[in-house]
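Under the numbering used here, residues 41 to 115 are what the sequence shown spells out, in order. A short write-up of the structure that comes next.
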Amino acid sequence: GPPALKISTETTVRWEWTGEGGPHNIVSKGDGPLNSELVAEEGSTYEHTFAETGTYLYSCKPHKGLGMRGAVVVE
């Protein structure tokens with residue numbers, strides 16, 4: 041997906057796994073709300089509805105060093 045996504049409050053974002061590159065997860069930087077399980081299966085999904093405005097930074101813990109991270113900007 042895109043490294044940055046701009047959305048409105050009360051929007052649900054869904055991440056979908058492709059089954060490539062080993063196991064992945066979605067984890068917020070700091071104490072943010074995103075915290076998915078580590079999964080590898082194609083078609084697995086993780087959803088979060090963003091109720092508050094702000095910038096939410098996240099990464100895939102196993103692949104953060106490879107640049108697998110992004111942001112959701114809620115306006």
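Think of the CB as a built atom: it goes at the ideal place given N, C-alpha and C, for glycine as much as any other residue.
Neighbour-count burial assignment, residue i, 16 or more Cβ in a 10 Å radius
i, result
"Asn75", "exposed"
"Leu48", "The residue you asked about is not Leu; residue 48 is Ser in the sequence shown. Exposed, by the Cβ-count rule."
Reference residue i; option with closest CA among the options
i, options, result
"Cys100", "Val113, Ala80 and Val114", "Ala80"
"Gly105", "Thr58, His64 and Thr52", "His64"
"Ala91", "Gly72, Gly59 and Thr58", "Gly72"
"Gly59", "Thr85, Val67, Thr52 and Glu50", "Thr85"
Distance CB(residue i)-CB(residue j) smaller than 7 Å
i, j, result
"Lys46", "Val113", "yes"
"Arg54", "Glu87", "yes"
"Thr66", "Tyr96", "First, the residue type needs correcting, since residue 66 is Ile and not Thr in the sequence shown. No, they are not a contact pair."
"Gly110", "Pro43", "yes"
Distance, residue j Cα to residue i Cα
i, j, result
"Glu17", "His103", "Examination of residue 17 is not possible in this model, given that the chain is present from 41 through 115 alone."
"Gly107", "Glu77", "19 Å"
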